[in-house]
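In terms of our numbering, the numbers along the sequence shown are unbroken and rise by one, the last being 808. Where a beta carbon is used, it is the ideal one built from N, C-alpha and C, also for glycine. Given the structure is predicted, the values throughout are model-derived calculations rather than measurements.
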Amino acid sequence: ARSLARRPGFTVMATLTLALGIGANTAIFSVVNAVLLRPLPYENPERLVMVWRTAAAEGVLEGFSSYPDFRDWKEQATSFENLAAFWSFANGNVNLTGGLEPERVPVARVMSDYFETLGVAPLLGRVFLPEENVVGNHRRAILSYALWQRQFGADSTIVGRPVTVNGFPYTVVGVMPAHFRPLSTLALKNDVTLWRPLAPDDNQTGGRESRNLRIVGRLADGVTLTQAQAELDGIAASLAEIYPDTNRDSGVRIVSIKNQVLRDVRQVLLFLFGAVGLVLLGTCFNVANLLLVKNASVRMQVAVQLALGAPPRRIVGRLLTESVMLGVLGATAGLAFAWIGVKGLVALGPQDFPLLGDVTIDTTVLGFASVVAVMTGLAFGLLPAWRMSRTDLALFLRQGAGQTSSKFDRRLTGTLVTAEVALATVLLISSGLLVRSFTTLLRSEPGFDPSGVVTLQLELPMATTYPRQNDRDRFFDELLERVRALPGVRASAMSSGAPMEEQTSDLTFSIPARRDDPSLRADFRMVSPGYFSLLDIPVRRGRRIEDTDNRVSPPVVLVSEGLARFVWGEEDPVGEFISLPFGADAEIVGVVGDVRTNGLDEGLARTVYLPAAQWGFNFMTVVVKGADRQLDLVPPIRDIIRAMDDQLPIYSVRTLEELVGRSVAQQRFQTLLVGSFAFLALALAVVGIYGVISYVVSDRTNELGLRMALGATAGNVRTFVLAIGVKYAAMGVVIGGLMAAGLKSVTSQFLHGVSPFDFTTFFVMPLILVGAAIMAAYLPARRATRLDPLRALKSD
Numbered sequence: 013a014r015s016l017a018r019r020p021g022f023t024v025m026a027t028l029t030l031a032l033g034i035g036a037n038t039a040i041f042s043v044v045n046a047v048l049l050r051p052l053p054y055e056n057p058e059r060l061v062m063v064w065r066t067a068a069a070e071g072v073l074e075g076f077s078s079y080p081d082f083r084d085w086k087e088q089a090t091s092f093e094n095l096a097a098f099w100s101f102a103n104g105n106v107n108l109t110g111g112l113e114p115e116r117v118p119v120a121r122v123m124s125d126y127f128e129t130l131g132v133a134p135l136l137g138r139v140f141l142p143e144e145n146v147v148g149n150h151r152r153a154i155l156s157y158a159l160w161q162r163q164f165g166a167d168s169t170i171v172g173r174p175v176t177v178n179g180f181p182y183t184v185v186g187v188m189p190a191h192f193r194p195l196s197t198l199a200l201k202n203d204v205t206l207w208r209p210l211a212p213d214d215n216q217t218g219g220r221e222s223r224n225l226r227i228v229g230r231l232a233d234g235v236t237l238t239q240a241q242a243e244l245d246g247i248a249a250s251l252a253e254i255y256p257d258t259n260r261d262s263g264v265r266i267v268s269i270k271n272q273v274l275r276d277v278r279q280v281l282l283f284l285f286g287a288v289g290l291v292l293l294g295t296c297f298n299v300a301n302l303l304l305v306k307n308a309s310v311r312m313q314v315a316v317q318l319a320l321g322a323p324p325r326r327i328v329g330r331l332l333t334e335s336v337m338l339g340v341l342g343a344t345a346g347l348a349f350a351w352i353g354v355k356g357l358v359a360l361g362p363q364d365f366p367l368l369g370d371v372t373i374d375t376t377v378l379g380f381a382s383v384v385a386v387m388t389g390l391a392f393g394l395l396p397a398w399r400m401s402r403t404d405l406a407l408f409l410r411q412g413a414g415q416t417s418s419k420f421d422r423r424l425t426g427t428l429v430t431a432e433v434a435l436a437t438v439l440l441i442s443s444g445l446l447v448r449s450f451t452t453l454l455r456s457e458p459g460f461d462p463s464g465v466v467t468l469q470l471e472l473p474m475a476t477t478y479p480r481q482n483d484r485d486r487f488f489d490e491l492l493e494r495v496r497a498l499p500g501v502r503a504s505a506m507s508s509g510a511p512m513e514e515q516t517s518d519l520t521f522s523i524p525a526r527r528d529d530p531s532l533r534a535d536f537r538m539v540s541p542g543y544f545s546l547l548d549i550p551v552r553r554g555r556r557i558e559d560t561d562n563r564v565s566p567p568v569v570l571v572s573e574g575l576a577r578f579v580w581g582e583e584d585p586v587g588e589f590i591s592l593p594f595g596a597d598a599e600i601v602g603v604v605g606d607v608r609t610n611g612l613d614e615g616l617a618r619t620v621y622l623p624a625a626q627w628g629f630n631f632m633t634v635v636v637k638g639a640d641r642q643l644d645l646v647p648p649i650r651d652i653i654r655a656m657d658d659q660l661p662i663y664s665v666r667t668l669e670e671l672v673g674r675s676v677a678q679q680r681f682q683t684l685l686v687g688s689f690a691f692l693a694l695a696l697a698v699v700g701i702y703g704v705i706s707y708v709v710s711d712r713t714n715e716l717g718l719r720m721a722l723g724a725t726a727g728n729v730r731t732f733v734l735a736i737g738v739k740y741a742a743m744g745v746v747i748g749g750l751m752a753a754g755l756k757s758v759t760s761q762f763l764h765g766v767s768p769f770d771f772t773t774f775f776v777m778p779l780i781l782v783g784a785a786i787m788a789a790y791l792p793a794r795r796a797t798r799l800d801p802l803r804a805l806k807s808d
């Protein structure tokens with residue numbers, strides 16, 4: 013401790029360097045711990061699985077199941093302690109009243125054994141009873157902890173009281189605990205806050221061809237995933253023989269809940285953890301170099317101690333103790349950086365990143381930081397300590413005071429700084445590739461103009477206030493008319509789902525020439541007149557949807573270019589008829605441009621557009637184009653809706669620009685983090701080069717003085733010193749470039765439209781690093797040119 017206190021500059025520099033490296037690693041590990049390592053908040057979560065229907069001919073790997081299929085699986089399978097069905101989808105949200113204010117909440121309809129299967133007990137009240145999965149006795153509700161707090165003020169007497177769901181009274185029978193979150197549905201981007209019973213006979217499930225249920229199961233004790241898969245495969249094959257019309261191509265796929273929740277982020281987290289690990293390794297190299305430089309100044313003292321009989325192990329032990337103390341100091345300061353980093357990760361992370369909101373610095377993270385502190389201290393301290401214990405006493409005690417290190421020492425420091433540069437090169441190239449990929453992604457044409465457009469959704473209760481479609485038509489017609497009259501509104505329309513706002517409704521249709529072709533699938537959307545002009549979606553052939561396309565006129569549709577090309581090739585489909593999944597035939601009256609409906613990183617959707625006025629609906633997305641401050645239109649629109657019906661909540665208020673940005677949120681997140689790590693590694697490499705060149709100038713003062721005494725100019729000396737820095741940087745860049753090229757299989761998983769060997773990135777990023785290295789070496793080089801040759805020679 014006294015040794016560190018006597019060198020405050022060295023101690024502060026080493027501690028800050030370690031704090032950045034350990035802090036960054038601790039922050040990322042806290043995410044890894046919460047997302048990958050911490051068990052899910054269920055009883056024996058390793059036995060929980062999702063059971064999906066597969067259909068190879070349709071390209072379906074994780075499809076929903078029908079109630080009859082689920083019932084057969086449940087009755088015949090012995091590999092499961094239990095199987096439970098639930099129904100939850102993006103448009104299945106409900107209007108909830110009876111709390112502080114009307115709210116639109118995501119809901120799941122579940123069988124009575126759903127919570128028992130998950131192994132979660134309610135905080136208040138009870139779960140559903142089997143008899144409540146029957147029509148007429150199904151008006152029961154269970155609230156999430158967050159909804160209970162937000163709408164009902166955490167009132168402990170809520171159990172037994174009624175709430176209104178889509179206009180109908182439901183009795184609250186329970187409240188779930190705070191830690192319970194329906195992660196299996198959250199993984200599918202639907203965070204449920206209210207549960208109600210699934211009534212199979214209440215027109216909610218349909219027959220064997222109606223597939224809208226998700227299935228969660230708990231494996232029986234001692235049963236493996238492979239055994240359960242084999243049993244369900246046999247049952248599915250049997251059902252295909254008994255019901256060939258509906259189950260001919262139906263199979264089963266079982267996925268563990270953990271994999272279901274984490275499959276989209278596991279690789280991202282491991283990639284980030286590996287990147288930040290390179291930063292920590294660079295930190296170790298940097299501090300090891302600092303220790304080598306610091307030890308060189310006390311080598312005479314150590315040589316005297318060794319000459320007087322001090323055992324080398326005592327010298328090594330003292331130096332390792334000093335380095336471990338530095339590691340502890342760095343970890344202590346690093347925890348502060350980690351705390352800030354965790355807050356930033358949670359704030360900047362994508363909303364659909366599972367479990368990110370649960371990230372905290374807990375005892376596991378503290379334990380990780382402690383282990384990293386000790387291991388890092390040993391890692392960067394072992395080499396300098398070993399080198400110090402190998403001092404050649406006779407040679408060192410005879411040599412002059414002007415030289416404190418050998419050629420081996422200089423090679424050692426040079427090797428460490430070269431390794432630092434190599435690691436920084438890997439991170440810089442990886443970061444550059446991600447930036448190039450992200451900018452390419454942002455340049456992808458969404459197929460529509462999102463500027464100035466705000467969207468909001470609302471649902472009209474069909475069974476109570478708006479039982480007839482004419483009532484619903486009048487409501488939406490009046491709403492659009494009033495919205496168009498608002499100052500600043502340029503256009504308004506409605507759709508069953510705006511681009512990038514809803515999950516696609518992927519349905520099968522047919523044409524006369526290909527009646528039973530399962531590949532004829534498309535995303536079906538209902539839109540009103542003016543929708544295409546509002547979003548600037550071009551009409552390639554035919555016409556747009558018009559006011560005359562109503563319920564008394566023949567059904568018509570428009571199709572996207574991609575769908576037209578897939579089905580009809582180069583032929584013009586306008587005038588052709590398609591059989592809709594709703595049982596009617598419709599004429600194609602137009603072809604419109606392709607739109608990316610699932611995000612900029614997804615392909616162009618094959619879409620069928622239907623005139624909303626020709627079909628029944630009760631929930632719609634209102635699309636409004638206004639001035640630049642489009643969100644300013646939301647309060648007056650809300651006031652209009654409240655004046656028309658004060659029990660209707662509006663929800664999912666989004667600008668289209670926000671939705672486009674959200675579709676690439678995960679790519680932005682990983683690009684930002686890897687870029688930050690690369691910048692940190694670059695800074696460490698620059699500091700390392702500066703430190704090593706400064707050390708070289710100090711250590712070779714007499715040599716530089718002799719050169720100048722023999723006629724070397726200031727320019728010669730400057731070039732000589734700069735060449736040393738450029739040499740280290742060049743070697744590190746070459747090694748790092750080869751390492752980055754070797755990581756092609758890793759980086760290619762995260763790239764979009766960019767080659768993992770992108771020439772621009774592999775050229776520019778190393779160039780930046782070499783330029784930074786020259787700048788780092790310039791100050792010591794300039795200082796070397798100011799040496800007094802006479803004083804330098806006398807110092808020897």
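Per DSSP, the unbroken alpha helix (DSSP H) holding residue 789 starts and ends at 771-796. For residue 632, no alpha helix (DSSP H) encloses it; the enclosing beta strand (DSSP E) starts and ends at 631-637. Ranked by Cα distance from residue 60, the first of 463, 266, 553, 741 is 266. Rounded to whole angstroms, residue 164 and residue 348 show a C-alpha spacing of 37 Å. The alpha carbon of residue 519 has as its nearest neighbour, out of 705, 193, 535, the alpha carbon of 535. Going by C-alpha positions, residue 262 is about 13 Å away from residue 222.
Rounded to the nearest angstrom, the gap between the Cα atoms of residue 735 and residue 271 is 52 Å. In this chain, the beta strand (DSSP E) harbouring residue 182 covers 180-187. In the three-state reduction of the DSSP assignment, residue 748 falls in the helix class. When the beta-carbon positions are compared, residue 289 and residue 45 stay at least 8 Å from each other. Secondary structure at residue 566: coil, using DSSP grouped into helix, strand and coil.
The alpha-carbon of residue 208 is positioned some 14 Å away from that of residue 194. Two segments are said to touch when three or more pairs of C-beta atoms, one from each, lie closer than 8 Å; by this definition the segment 662-671 touches the segment 635-653.
When C-alpha distances from residue 685 are compared across 189, 40, 89, 29, the shortest belongs to 40. Among the bridge pairs identified by DSSP, residue 137 is matched with 186. The C-alpha of residue 374 lies about 12 Å from the C-alpha of residue 354. Judged by beta-carbon spacing, residue 661 lies within the 8 Å limit of residue 107, meaning their Cβ atoms are closer than that value. In this structure, the straight-line span from the alpha carbon of residue 646 to that of residue 466 is close to 8 Å. For residue 621, the pairing in a beta bridge is given by DSSP as 537, 570. The criterion of a C-beta distance shorter than 8 Å is satisfied by residue 158 and residue 205. Residue 117 and residue 219 have their alpha carbons spaced roughly 28 Å apart. Setting aside the 5 residues that flank it on each side, residue 597 is surrounded in the same chain by 567, 589, 590, 591, each with a C-beta closer than 8 Å to its C-beta; the list follows chain order. Looking at the DSSP output, residue 17 shares a beta bridge with no other residue. Contact between residue 340 and residue 397 does not hold, since their C-beta atoms are separated by about 17 Å, which reaches or exceeds 8 Å.
Under the three-pair Cβ rule at 8 Å, the segment 228-237 counts as touching the segment 83-94.
Within the model, the alpha-carbon separation for residue 785 versus residue 189 is close to 56 Å. Pairing residue 694 with residue 368, the inter-Cα distance amounts to about 28 Å. In chain order, 648 place their CB closer than 6 Å to the CB of residue 498, counting only its own chain and leaving out the 5 sequence neighbours on each side. Distance from the CA atom of residue 447 to the CA atom of residue 358, rounded to whole angstroms, is 21 Å. Between the beta-carbon of residue 342 and that of residue 30 there is about 2 Å, and that keeps the pair under the 8 Å contact cut. Distances from the alpha-carbon of residue 738 to those of 335, 630, 601, 426 put 426 closest. When DSSP states are grouped into helix, strand and coil, residue 457 belongs to the coil group. Under the three-state reduction of DSSP, residue 365 is assigned to coil, being neither helix nor strand. Contact annotation: residue 532 and residue 579 have beta-carbon atoms nearer than 8 Å. DSSP places residue 176 inside the beta strand (DSSP E), whose first and last residues are 174-177. The segment 171-187 makes contact with the segment 127-144; the number of CB pairs closer than 8 Å reaches 3 or more.
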